[in-house]
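Protein chains in written order, with our numbering: chain A, 10 to 434; chain B, 10 to 434; chain C, 10 to 434.
Read through the structure below, which is laid out as structure tokens, and then see the notes.
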Amino acid sequence: MAGIGAEMLGWARDLFPLPRSLTGRGVEATLLYLSDRCPELEIKSVPTGYQAFDWTVPNEWNVREAYLEHLASGQRFAVFSENNLHLVGYSTPVDRVMSLDDLGPHLFTQPDQPDWIPYVTSYYSPNWGFCLSEHEKQRLPHGDYRVLIDSELSTGQMLYAEAHIAGDSADEVLFSSYICHPSMANNELSGPVLLVKLLQHLSQAGTKPKLSYRFVLVPETIGSLVYLSKSLDSLRQSVVAGFVLSCVGDERAFSHIETRSGTSLADDALRAAFKGRANPRYYSFKHRGSDERQYGAPGIDLPVAGFCRSKYGEFPEYHTSADNFDVVTERGLEESFDLMAEIIAAFEIGLRPRSQCLGEPQMSRRGLYPKTSQKGGYRDVRILMDCLAYCDGKTSLFEIVEQTDYALGDVVGAVKLLKENELVA
Amino acid sequence: MAGIGAEMLGWARDLFPLPRSLTGRGVEATLLYLSDRCPELEIKSVPTGYQAFDWTVPNEWNVREAYLEHLASGQRFAVFSENNLHLVGYSTPVDRVMSLDDLGPHLFTQPDQPDWIPYVTSYYSPNWGFCLSEHEKQRLPHGDYRVLIDSELSTGQMLYAEAHIAGDSADEVLFSSYICHPSMANNELSGPVLLVKLLQHLSQAGTKPKLSYRFVLVPETIGSLVYLSKSLDSLRQSVVAGFVLSCVGDERAFSHIETRSGTSLADDALRAAFKGRANPRYYSFKHRGSDERQYGAPGIDLPVAGFCRSKYGEFPEYHTSADNFDVVTERGLEESFDLMAEIIAAFEIGLRPRSQCLGEPQMSRRGLYPKTSQKGGYRDVRILMDCLAYCDGKTSLFEIVEQTDYALGDVVGAVKLLKENELVA
Amino acid sequence: MAGIGAEMLGWARDLFPLPRSLTGRGVEATLLYLSDRCPELEIKSVPTGYQAFDWTVPNEWNVREAYLEHLASGQRFAVFSENNLHLVGYSTPVDRVMSLDDLGPHLFTQPDQPDWIPYVTSYYSPNWGFCLSEHEKQRLPHGDYRVLIDSELSTGQMLYAEAHIAGDSADEVLFSSYICHPSMANNELSGPVLLVKLLQHLSQAGTKPKLSYRFVLVPETIGSLVYLSKSLDSLRQSVVAGFVLSCVGDERAFSHIETRSGTSLADDALRAAFKGRANPRYYSFKHRGSDERQYGAPGIDLPVAGFCRSKYGEFPEYHTSADNFDVVTERGLEESFDLMAEIIAAFEIGLRPRSQCLGEPQMSRRGLYPKTSQKGGYRDVRILMDCLAYCDGKTSLFEIVEQTDYALGDVVGAVKLLKENELVA
């Protein structure tokens, strides 16, 4: 697996500067970049004004440039082309002169994190503003400023992308992430690059998988609602487990945001995969925040849990300019890939294996048990026997992890060996 | 709500001196006083000798006077008309002279609480006796005493009372308390006055409630058995939750005595209402002691939990002359009313609300969400979104409290606002 | 019950020297000795080569003598007739001269317990070897040795035994233990002697029991598989709970090895019986090790839990020559008998008693309640009322123990008294 983390990190670095939002050219460029790496990823669109349940797709937003220019000195501040976080998302066009005092309500800082630029949006209420660090704001010279926001809000399209890998079974595992945040690394790019790498992992495996897999990249909230409004009936019939991938690139924790019931197969999968991993953290559905909000809303009720390393909102750099490649690392991304690949392997090996024997099989004649029996001598084969003891055709591999306290990877490995010996099916 | 606690306390002070027992004029006076305050409360009776399941209603007991008179000095002790706890409940008539030594087996004290008069009864086995503080007993002068108990045990009636508030639904919430203890404040009068105040709260609301409500005041044990023997079939069909109100006037704790299963709607209601309240205490059905014993007995099986502040048997003044208005306070009664009123409000607002949207609704266009999105800015609306996330038509408000960890009153308030915005039904 | 422990200990001491293994004359002598004490115990057999599910019954193994003789000195070591643990189980015949160096791979010690002889077998792979203490091995003189193993592996039979006590109901409680270990006291003989004593307890009671009881003594693993292969269909229809008795003679703990679900009646029984006993220990099915492995294997799925004092593998003397009558005691055996006899009593008294009253019965007119009521006066009758409160015809005595926290023996006693008073049936 060497190189997978590096590859994902490279993609994230390439995509970092693009000016993503709910709509516009930054999203388009991001999706084109990713679909170049995985042609199964199909770019789709709905027109602005499209109605998705209770919501309406807003106008397309594009920005050429934006800044504050101090008239007396000609000095420019909060320059969009230098850092796209400087402009409040969906800012309306402006070109006028204002005093620093009058500018006040349009300047956003995060006073408790005075060195970092906050991330601010106003998607559904016309407004404009600039974001800058508290320290930079304190240093703004007095006097008049030219306020330039060369943006455009117009009818057009909202883009998203989807891929489907058909397996032997119509039962589907769903992965979903979002592509609407500007230059932030963990709370944006870690999710899409992991999702596309998992898609490659399956599409380039060379064999048809046992289950089907669906991959979705949407602008957060409005995008998942649009997607659900078009696909809900079929998703309801096929999705057995799903995962929203968000903030999956740091090394600090493994976080599970439960579905509403907390008892779905997706929840079991994450609990099992977390066994033996460092710093696991569990959050009830109350703590939802990304698109698991929509997938799990009343009436939608899909079994989709959230997976993060550090959970959004819980790490200090969240929604600021400090969410960069000091936070997201090659190792962080690769560990997340490994975890999700283990979950996929559990689905692929047969989620509920059934012993082919009545009673225990005689392991020793298969070379799976020590020939001479003395106390203390069974440790290496114990995992085989323990997994087999739960292979009743009803217990999932994730539940076997829970019962036996072995790591998911070890259980998957044991069941693979049992299968090769025709002891389970 | 100012004044509710004071009003209940006033009623309890008025009722305190009346000589209540299972039967007799003290019970009658108590019920007449309460039905004056709430005409919906209908006084009912069964004749003595009435058979209720395994039990027989005992004779009616009335007392004119009782005391011990020291013959040599003419001094009187344990005078019934000064404190009706001085006489063992259901004492048979006596008028004779006895030595202090011979009196011994008929004198009851609580040696571990030597300043207080204990409360003692002998309902079903003919006997007589006097209760006095251990210190008073130690000071009784030697010599002969005239023992006078001018009591009467005769055929007659056992009284109880019932009120029914019919709502849109036949589903009923039951409140039950008892009216058989003499001059004690928490373990008697707090229950009936809270019950009658809740009855007023519903009957004077001016609108027909959504659910139906039933209020029952009975002598403990024999009274609830009589009531159940007459009403069991209809109660079984209508009661969705019930509460025995006992010792609800102090400020020391909130106590929940679970139904046998511990999982009924009444249990959920109390657990939810206790969230965020000081000093909540939980007791299994093993610790039952008031009429939840009968409502929850095998074969009866009504979903009726016990609600106390300090649980009977657990506070030092219990069943002594010290159970007075130092224990029961205006604030204690009012807090108990507030808690029960919150539970009623949860039933009335619709116990299992259902979101009217697929996916989350767009709160911002309803003025329920901040227009500009920046981290840390959602605290005030979070409760709305969190409650809505569980409004799936299957989860009760009490379970939403459990899931979200918000207080019941806050959840009821949030669901009310969601309902006004037509977001739930 | 005085003498029961001593009797079991006497049997175990008699049986200790016999050279048991999966097959052979030691097993036969053991079963004959036990069936002499309880004629209900019927000795059965299958031929060697018999196929039981995935397993084949191995040849019959008998040993006349075995030792290592130092040629130079004539000194003998690891003499089988002195301690049958000295020979690896199922050793093939050998008679040749070898140097001490060449002997190395055939000498087994337990280096971390250097004074004790380990117990080693090689049932299913032809091999031979000697077991001795690490210290004895260190002291073996250099030079050549005559290796003599006068053993025989031949077609023949594998023996086991079964008893059935027919009760009013076809529902059965199963007890199973094993008879395949040579001279060890806890991890062998404690189980069979307890099993036979329980069988005597039922067969000599003089009355037909309410439930049926089945007792099985088999060589571990292969024997239970043989037994299951012959009896599975009927066991599935009749066994409501079962117990594998293993290592039940020490005084150190009470151990429960759960069935796979952990929720069977056998699990409930052990949890209830452990209440109030010293040092209870609970192990999930993951920690299975004796024949509960086979009874609970996927597809077999019988509700059979494991009962031990110190669990096999968890006490230091396990599988060594130190597992002797310093470990197993009269008191240890008798306490285990008492526990199992309590479980049998619970089954016999009627596992799910039902109150015969609606509401609580009036206990005082039956002399079961104090006639005068004063606080603090109910302690002795409380257990009666508490048990009765759960006698709903659905809750087992074991669950009543869990709910009320009384000991199983006390609950059985209370229900017996309630039954005598016709308050439950």
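Idealized CB from N, CA, C, for every residue including glycine.
Only a predicted model underlies this, so the values are computations on that prediction, with no experimental measurement involved.
For residue 79/C, the three-state DSSP class (helix, strand or coil): Reduced to three states, the DSSP call for residue 79/C is strand.
Environment of residue 73/B [buried if 16+ CB atoms lie within 10 Å]: Its Cβ having fewer than 16 others within 10 Å, residue 73/B is exposed.
Cβ-based burial, residue 10/B [other Cβ within 10 Å; buried from 16]: Residue placement at residue 10/B is flagged as unreliable, the pLDDT there being 45, under the threshold of 50; the coordinate-derived value follows with that caveat. Looking at its Cβ environment, which holds fewer than 16 other Cβ atoms inside 10 Å, residue 10/B is exposed.
Inter-residue spacing [alpha-carbon to alpha-carbon] between residue 91/C and residue 198/C: Roughly 19 Å between the two C-alpha positions.
Any C-beta of chain B under 8 Å from that of residue 384/A: Output row for residue 384/A: interface = no.
Alpha-carbon spacing of residue 217/B relative to residue 357/B, whole angstroms: Approximately 10 Å between the Cα atoms of the pair.
Three or more C-beta pairs below 8 Å linking the region 50-59 of chain B and the region 183-198 of chain B: They do not touch, by the three-pair rule.
Contact the region 345-362 of chain A vs the region 19-29 of chain A: 3+ CB pairs below 8 Å: By the Cβ rule, the region 345-362 of chain A does not count as touching the region 19-29 of chain A, because fewer than three pairs are nearer than 8 Å.
Straight-line gap, residue 257/A to residue 363/A (C-alpha atoms, nearest Å): Straight-line Cα distance between these residues: approximately 34 Å.
Against chain B: residues of the region 262-278 of chain A by CB proximity under 8 Å: Listed by position along the chain: 269.
Residue 10/A at chain B interface by Cβ criterion, 8 Å: With a pLDDT of 45 at residue 10/A, under the threshold of 50, the modelled position of this residue cannot be trusted, and the question is left open.
Inter-residue spacing [alpha-carbon to alpha-carbon] between residue 94/A and residue 405/B: Cα atoms of residue 94/A and residue 405/B: separation of roughly 43 Å, rounded to the nearest angstrom.
Inside the region 248-316 of chain A only - beta strand (DSSP E) runs reaching at least 3 residues: The qualifying runs are 248-254, 263-266 and 289-292.
Pick from 191/B, 343/B and 396/B that is closest to residue 12/B, judged by C-alpha positions: With distances taken between Cα atoms, residue 12/B lies closest to 343/B.
Below-8 Å beta-carbon distance, residue 380/C vs any chain B residue: Cβ-Cβ to chain B under 8 Å: yes for residue 380/C.
Buried or exposed by the 16-neighbour rule on C-beta atoms within 10 Å, applied to residue 345/B: Looking at its Cβ environment, which holds 16 or more other Cβ atoms inside 10 Å, residue 345/B is buried.
Buried versus exposed, by CB contacts within 10 Å (16 or more), residue 213/B: Result: exposed.
Interface partners of residue 129/B on chain C, CB under 8 Å: In chain order: 381, 382 and 383.
Beta strand (DSSP E) segment containing residue 347/A, residue limits: Here residue 347/A belongs to no beta strand (DSSP E); instead the alpha helix (DSSP H) covers 339-358.
Cα-Cα separation between residue 47/C and residue 221/C, rounded to whole angstroms: Near 17 Å, if we compare the C-alpha coordinates of residue 221/C and residue 47/C.
Cβ neighbours of residue 418/A in the same chain (closer than 6 Å, five flanking residues each side left out): 351.
Status (buried if at least 16 other CB within 10 Å, exposed otherwise) for residue 146/B: With 16 or more Cβ atoms within 10 Å of its Cβ, residue 146/B is classed as buried.
Alpha helix (DSSP H) segment containing residue 420/B, residue limits: Run containing residue 420/B: 417-429, per the alpha helix (DSSP H) assignment.
Endpoints, alpha helix (DSSP H) assigned at residue 34/A: Taken as a continuous stretch (DSSP letters only), the alpha helix (DSSP H) holding residue 34/A covers 34-46.
Nearest-angstrom beta carbon gap, residue 44/C and residue 150/C [assumed within contact, 8 Å]: Incorrect: roughly 46 Å between the Cβ atoms, too far for contact.
Minimum Cβ-Cβ distance from residue 280/A to chain C less than 8 Å: Residue 280/A is outside the set of residues whose beta carbon lies under 8 Å from a beta carbon in chain C.
Bridge partner(s) assigned by DSSP for residue 329/B: DSSP links residue 329/B through a beta bridge to 127/B.
Counted within 10 angstroms of its Cβ, other Cβ atoms place residue 429/B as buried (16 or more) or exposed: By the neighbour-count rule (16 or more Cβ atoms within 10 Å), residue 429/B is not buried but exposed.
Short CB-CB distance (under 8 Å) between residue 28/A and chain B: False, the Cβ-Cβ gap to chain B never drops below 8 Å.
Per-residue burial, residue 121/C [other beta carbons within 10 Å of its own, 16 or more giving buried]: Looking at its Cβ environment, which holds fewer than 16 other Cβ atoms inside 10 Å, residue 121/C is exposed.
is_contact[residue 316/B, chain D] using C-beta, thresh 8 Å: The chain labelled as chain D is not found among the protein chains of the depicted structure, namely A, B and C.
Close-in-space but distant-in-sequence residues of the same chain around residue 129/C (CB under 8 Å, 5 per side omitted): 97, 98, 117, 138 and 140, listed in sequence order.
Nearest residue (CA-CA) to residue 327/A, options 395/A, 315/A and 191/A: Minimum Cα distance to residue 327/A is reached at 191/A.
Alpha-carbon spacing of residue 422/C relative to residue 309/C, whole angstroms: When rounded, the separation of the alpha-carbon atoms in residue 422/C and residue 309/C is 35 Å.
Within chain B, the residues that residue 364/C reaches when beta carbons sit closer than 8 Å: Under the 8 Å cutoff, chain B gives 306, 307 and 308.
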